[in-house]
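**Q** In my numbering, the protein residues as written are 25 to 326.
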Amino acid sequence: MRLHLCEPGAPVRVIETANGRGIKFCDDPEATFFEVAGPWIAREGPLPVVLAGMVGGNIGWVDCPYADCPANLDDLAARMTRFEVRGVPVAIVPGISCTNLFGLPDVMRGEEAQVFGWLVRAGSMGRRTLCLPGTHAKWCSVADERVTRFFTSMTGEMFEILVTHSLVGRGMAPAEPGVPIAARDPAFVRGVDTVLANPRLAFEHAVFSARSLLVMGSLSAETARPYLSGLLIGCEVRDAIGALHEAGEPVDHVTLIGAPELSALYGAVLDRLGIGHDLVDGHAASLAGLSALATHAQRVPA
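1) Have a look at the DSSP bridge pairing and note the partners of I372.
2) Give me the Cα-Cα distance between E184 and E169, rounded to the nearest whole angstrom.
3) Hey, P72 and P113 are a contact pair by Cβ (cut 8 Å); roughly how many whole angstroms apart?
4) What three-state label does DSSP hand S233 in the structure shown?
5) Just to confirm the assignment, what range does the alpha helix (DSSP H) spanning E184 have?
6) Between the Cα of A167 and those of I39, A226, G291, R152, spot the shortest distance and give me the residue it belongs to.
7) When you compare each of T56, F57, V74 to P32 by their alpha carbons, which one comes out closest?
8) Three-state secondary structure (DSSP) at V239?
9) Return the residue from the list M132, A199, L125 that minimises the CA-CA distance to N82.
10) Could you check if P107 is buried or exposed, using at least 16 other CB atoms within 10 Å of its CB as the buried criterion?
11) Along the chain, where does the alpha helix (DSSP H) that runs through H269 open and close?
12) Thinking just about the alpha-carbon of each residue, which of P284, R296, L280, A292 is nearest to the one in W142?
13) Would the beta-carbon of S121 be found less than 7 Å away from any heavy atom of the ligand SAM?
14) In chain order, what are the residue ranges of uninterrupted alpha helix (DSSP H) at least 4 long that sit wholly in the stretch 69-121?
Structure below.
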């Protein structure tokens, strides 16, 4: 759980930040919230609270129904779950759901704050493609300030599973704390080029090469990890762009919203595909989205 004490405005000014146990690790979300925010409430009084993410999921504080796509900021604000606890007004962002371009149900919780934070700043720009890199990356189609649909790629989680729990990760050197994989790392680029040069090379075939190249001496323990990252992100971006094209949504530019270092890896793949991109800081976008939702929620009757 990460909470920010903010002063509204454009941009939002963060006064203080406090961290607590995440939803997966706390038995009583209400108690955890007041544990973290209690000092602020004691000092400032019962300030309005806006929360997003798994706090609104079925393992969270309150199970909040999703808003269906297509959805704009007003739709999301109208579906916020609002209640008062210990004299504090709380609003939880609902998350959004859709039927994705593969005809399957898809959901997001938390990322919608980043998407709408970007939309508030960008305004109406016609149809755009957004990518939110992360544990469960989201590829979003937006048009006229609405999210029309999206799909999820579990690349981040797959990377962690493979490195930590699979044969592929055995023999890899551990990541150096605080040193992310660089977009220009030759091993990362090698992984990307491997999958881009072989359009029919599927993820399940490509991924084992991180093991076989290590065993055969073509990768070192230090280069195997960035190579695997290049394979996975390369596959994700290649296949996402291809799927969007086949669905009648050709892509010539992608807005990447997320942590700068991770977004840069996605940008490197897009560069090699000849597709333009711009980078948006995910933290700033999230704060802008939550601030806009808080303002809109005040206009919608509870």
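Ideal placement from N, C-alpha and C gives every residue a C-beta, glycine not left out.
**A** So, from the data block:
1) Past the edges of the chain, shown from 25 to 326, lies residue 372, and the structure says nothing about it.
2) 34 Å
3) 5 Å
4) helix
5) 179-189
6) R152
7) V74
8) helix
9) M132
10) A small correction: the amino acid at residue 107 is Phe; Pro does not occupy that position in the sequence shown. Exposed.
11) 248-270
12) L280
13) Among the components modelled here there is no ligand, and therefore nothing to report on the ligand SAM.
14) 97-102
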